[in-house]
Amino acid sequence: MFRRVQEAYEVLSNPLERRYYDDNRDELLNSDEEEDAERECNNEVPAQLDLYACMTRDAFVDFSAHEDGFFGVYSKVFRELDEQERTAANGDVRRPRFGGAGSDEDAVADFYAYWLSFFDLSV
């Protein structure tokens, strides 16, 4: 229960996430979170990726690199997000890959440096 409250607080206190929530409130509240997370993150990649479905522990089964594991799921999420952004920007910006459990420190630092300052061009 506390985790859900904490997640809600984080979403509502971030202006960009709050705007997304306000714009999509009905859809978000009327969806089954587990089914959405499984559909959007593990199996199907929709035309517009629902990142909120991927922000739950239910999005992956373990911390492996398998398709349904942490590294497999989030590698796919960031690849799809990268593709959507290339389409929206009509350009070829090089974004750092998600990597894996064996990624070196520089690759991890590059990934976080880019994605922590990311804003969605396709919105």
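If you count the sequence shown from 1, position 108 lands on 108 in UniProt numbering, and the numbers rise without skipping.
Glycine is no exception: its CB is placed at the ideal position from the N, C-alpha and C atoms.
Just reading off the alpha helix (DSSP H) that residue i is part of, what are its end residues?
i: Y21; result: P15 to L29
i: D82; result: F70 to A89
i: V61; result: Per DSSP, V61 belongs to no alpha helix (DSSP H) and is neither H nor E.
i: V108; result: E105 to W115
Short of 7 angstroms in beta carbon distance, which residues of its chain neighbour residue i, apart from the five on each side in sequence? Order them along the chain.
i: L81; result: L49
i: Y74; result: F98
Using a Cβ-Cβ cut-off of 8 angstroms (strictly less than) and excluding sequence neighbours within five positions of residue i, which residues of its own chain qualify?
i: residue 126; result: Because the chain in this structure spans residues 1 to 123, residue 126 falls outside the shown range and cannot be described.
Leaving out five residues on either side along the sequence, give the residues of the same chain with a beta carbon under 6 angstroms from the beta carbon of residue i.
i: residue 163; result: Any question about residue 163 goes unanswered here, given that the chain covers just 1 to 123.
i: R18; result: L12
i: V61; result: D68
i: A107; result: G99
Would residue i be called buried (16 or more neighbouring beta carbons within 10 Å of its own) or exposed?
i: R57; result: exposed
Since residue i and residue j are thought to touch, with beta carbons under 8 angstroms apart, how far apart are those beta carbons, to the nearest angstrom?
i: F21; j: V5; result: The sequence as given places Tyr at residue 21; Phe does not occur at that position. Not confirmed; about 15 angstroms, so no contact.
i: A59; j: A65; result: Actually they do not touch by this definition, with Cβ atoms about 15 angstroms apart.
i: R86; j: V77; result: The Cβ separation is near 15 angstroms, so there is no contact.
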